[in-house]
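Q: This is the structure, below, for whatever I ask next.
Numbering (the working numbering), first residue to last: -12 to 317.
Laid out in structure tokens, this is it:
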């Protein structure tokens, strides 16, 4: 029986680019993969079709083989191939098949892999004063933690853990699909390599329990809105011995009725009488440390900035501190 034209098999024109060939191959491979068919008859028919699709793309993805095929047909494409008639050195074939593999099996090539726990974020609102001077905060964080009863095994006892009879503890099943030997997670143990016959009562076999934990957090002086603090290993606990994730504390600072932040300085608007502006004098002004008295020079103009050094906001990167600024309003 004569072979179908390779371009026809993939459903592309003879002028198709490498990218168009790859897209067509991915589409056809998904459509005809035997493992995605319902009945045995459909699987058997798909096996032959799947082989045709693989053969067509293996040839057309290799520039030399494609030239020989375009000139001499199927006989030309076979020249220089291995014992089976197909080599696997085509530049795009391996990548395309890996993409298909990832689509089918979710990228899981190994079984019972340790999985890192998820990162968590806690949104913390601070007063203006707390952002300037810092504080010690206690946060209540709900998260998944390793079950204290089974220590993360998911089993009631060690005797409840059995080696999977299907994969013999490997966590993977190997099967031959056309030209390929493929490994995928065992369906019976879901890649764990073991079966829990009696699950832990506390976590119901999930290896983790959901609980609320109180975590102490140091909020440094000088922090501002938009910053995030990272607490390593304070996120959700991992699975199968995987490391925990991190906890991120996202900071929002509530606006103050009087003070505004300007970099490391604190700005406050101060109304004064016209006579005081002309003749000068002393007035009482607010600061975060309480009221104090400042001198108004004679001839002070609208929006003049007066300054008290060192009463501003500490720098997170150095030992310096900003100033308290007073914007004069006449």
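From the three backbone atoms N, C-alpha and C, an ideal C-beta is built for every residue, glycine too.
Three-state secondary structure (DSSP) at residue 47?
A: What you label residue 47 is simply residue 60 of the chain shown in a count that begins at 1. Residue state, collapsed to three classes: helix.
Q: With a threshold of 7 Å between beta carbons, is residue 49 in contact with chain D?
A: No chain D is present in this structure, which holds just one protein chain.
Q: Apart from the five residues on each side of it in sequence, which residues of its chain come closer than 7 Å, Cβ to Cβ, to residue 214?
A: Residue 214 sits at position 227 when you count from the first residue of the chain shown. Correct list, in chain order: 238.
Q: For residue 255, list the residues DSSP reports as bridge partners.
A: Translated into the one-based positions of the chain shown, residue 255 becomes position 268. Beta-bridge pairing links residue 255 to 246, 313.
Q: Terminal residues of the continuous alpha helix (DSSP H) containing residue 262?
A: Counting from one through the chain shown, the residue named residue 262 turns up at place 275. From DSSP, the alpha helix (DSSP H) with residue 262 extends over 261 to 266.
Q: So residue 223 is in the alpha helix (DSSP H); what residue range does that whole segment cover?
A: Taking the first residue of the chain shown as 1, we reach residue 223 at position 236. Unbroken run through residue 223: none, as it is neither H nor E.
Q: Would you check if the stretch 121 to 138 and the stretch 254 to 274 touch, i.e. whether three or more CB-CB distances between them fall below 8 Å?
A: Contact fails: fewer than three Cβ-Cβ distances are below 8 Å.
Q: Out of 27, -10, 198, 37, state which residue places its alpha-carbon closest to the alpha-carbon of residue 11.
A: Translated into the one-based positions of the chain shown, residue 11 becomes position 24. Considering only alpha carbons, the answer is 37.
Q: Report yes if the C-beta distance between residue 223 and residue 60 is below 7 Å; otherwise report no.
A: In the chain shown, the residue the question calls residue 223 occupies position 236. In the chain shown, the residue the question calls residue 60 occupies position 73. Taking 7 Å as the Cβ cut-off, residue 223 and residue 60 do not qualify as a contacting pair.
Q: Quick one, which of 220, 241, 240, 243 has its alpha-carbon nearest residue 232's?
A: Here residue 232 is taken as the residue at index 245 of the chain shown, counted from 1. If we check each option's Cα against that of residue 232, 220 comes out closest.
Q: To the nearest angstrom, how far is the alpha carbon of residue 309 from that of residue 138?
A: Walking along the chain shown from the start, residue 309 turns up at place 322. Walking along the chain shown from the start, residue 138 turns up at place 151. Going from the Cα of residue 309 to the Cα of residue 138 covers about 51 Å.
Q: Measuring straight from C-alpha to C-alpha, what distance separates residue 185 and residue 123?
A: Here residue 185 refers to the residue found at position 198 of the chain shown. Here residue 123 refers to the residue found at position 136 of the chain shown. Near 44 Å, if we compare the C-alpha coordinates of residue 123 and residue 185.
Q: Can you check whether the CB of residue 180 is closer than 7 Å to the CB of residue 209?
A: Working through the chain shown from its first residue, we reach residue 209 at position 222. Working through the chain shown from its first residue, we reach residue 180 at position 193. It is not a contact, given that the beta carbons lie outside the stated cut-off.
Q: Are residue 216 and residue 236 touching if we call contact CB-CB under 7 Å?
A: What you label residue 216 is simply residue 229 of the chain shown in a count that begins at 1. What you label residue 236 is simply residue 249 of the chain shown in a count that begins at 1. Cβ atoms of residue 216 and residue 236: closer than 7 Å.
Q: Assuming residue -1 is part of the beta strand (DSSP E), what are its boundary residues?
A: As a working mapping, residue -1 is identified with position 12 in the chain shown. Segment: none, residue -1 is in no beta strand (DSSP E) and carries neither H nor E.
Q: Along the chain, where does the alpha helix (DSSP H) that runs through residue 9 open and close?
A: Sequence index remark: in the chain shown, residue 9 carries index 22 (1-based). Segment 5 to 19, the alpha helix (DSSP H) holding residue 9.
Q: Tell me the start and end of each unbroken alpha helix (DSSP H) in the stretch 130 to 189 that is at least 4 residues and wholly inside, in chain order.
A: Counting only runs of 4 or more, we get nothing.
Q: Between the Cα of residue 152 and those of 162, 173, 146, spot the shortest distance and give me the residue it belongs to.
A: Taking the chain shown and counting its residues from 1, the one referred to as residue 152 is at position 165. The candidate whose alpha carbon is nearest that of residue 152 is 173.
Q: Could you check what DSSP says for residue 200 in three-state terms: helix, strand or coil?
A: Against the chain shown, residue 200 aligns to sequence position 213. Three-state result, residue 200: strand.
Q: Would you grab the beta carbon distance between residue 142 and residue 204 for me? Rounded to a whole angstrom, and I think it's under 8 Å.
A: For the purposes of this step, residue 142 is taken as residue 155 along the chain shown, with counting starting at 1. For the purposes of this step, residue 204 is taken as residue 217 along the chain shown, with counting starting at 1. The pair is not a contact, with the Cβ atoms about 35 Å apart (cut-off 8 Å).
Q: Looking at residue 289 and residue 299, is the spacing between their C-beta atoms short of 7 Å?
A: Taking the chain shown and counting its residues from 1, one reaches residue 299 at position 312. Taking the chain shown and counting its residues from 1, one reaches residue 289 at position 302. No, the pair does not count as a contact, with Cβ atoms beyond the cut-off.
Q: I'd like the span of the beta strand (DSSP E) that includes residue 117, first residue to last.
A: For the purposes of this step, residue 117 is taken as residue 130 along the chain shown, with counting starting at 1. Careful: residue 117 lies outside any beta strand (DSSP E), inside the alpha helix (DSSP H) at 115 to 120.
Q: Smallest Cα separation from residue 196: which of 100, 279, 225?
A: Position 209 of the chain shown, counted from the start, is the residue given in the question as residue 196. Ranking the options by Cα distance to residue 196, first place goes to 225.
Q: I'd like the span of the beta strand (DSSP E) that includes residue 279, first residue to last.
A: The sequence position of residue 279 within the chain shown is 292, counting from 1. Taken as a continuous stretch (DSSP letters only), the beta strand (DSSP E) holding residue 279 covers 279 to 283.
Q: Would you decide whether residue -8 is buried or exposed? Buried here means 16 or more other CB atoms lie within 10 Å of its CB.
A: Locating residue -8 in the chain shown gives position 5, counting from the first residue. Classification of residue -8: exposed, given that the 10 Å Cβ count is below 16.
Q: Distance, Cα to Cα, residue 194 vs residue 126?
A: Within the chain shown, the letter at position 207 stands for residue 194. Within the chain shown, the letter at position 139 stands for residue 126. Taking the straight line joining both Cα atoms gives about 25 Å.
Q: Considering only DSSP beta bridges, list what residue 239 is partnered with.
A: Taking the chain shown and counting its residues from 1, the one referred to as residue 239 is at position 252. DSSP output for residue 239 lists 112 as bridge partner(s).
Q: Which of the three DSSP states, helix, strand or coil, is assigned to residue 31?
A: Taking the first residue of the chain shown as 1, we reach residue 31 at position 44. In this structure, residue 31 counts as helix in the three-state DSSP scheme.
Q: Can you give the Cα-Cα distance for residue -4 and residue 39, rounded to whole angstroms?
A: The residue labelled residue -4 in the question sits at position 9 within the chain shown. The residue labelled residue 39 in the question sits at position 52 within the chain shown. Rounded to whole angstroms, residue -4 to residue 39 spans 7 Å at the Cα level.
Q: Is the beta carbon of residue 207 sitting closer than 7 Å to the one on residue 286?
A: As a first step, residue 207 is located in the chain shown; it is residue number 220 there, counting from the start. As a first step, residue 286 is located in the chain shown; it is residue number 299 there, counting from the start. Not closer than 7 Å, so no.
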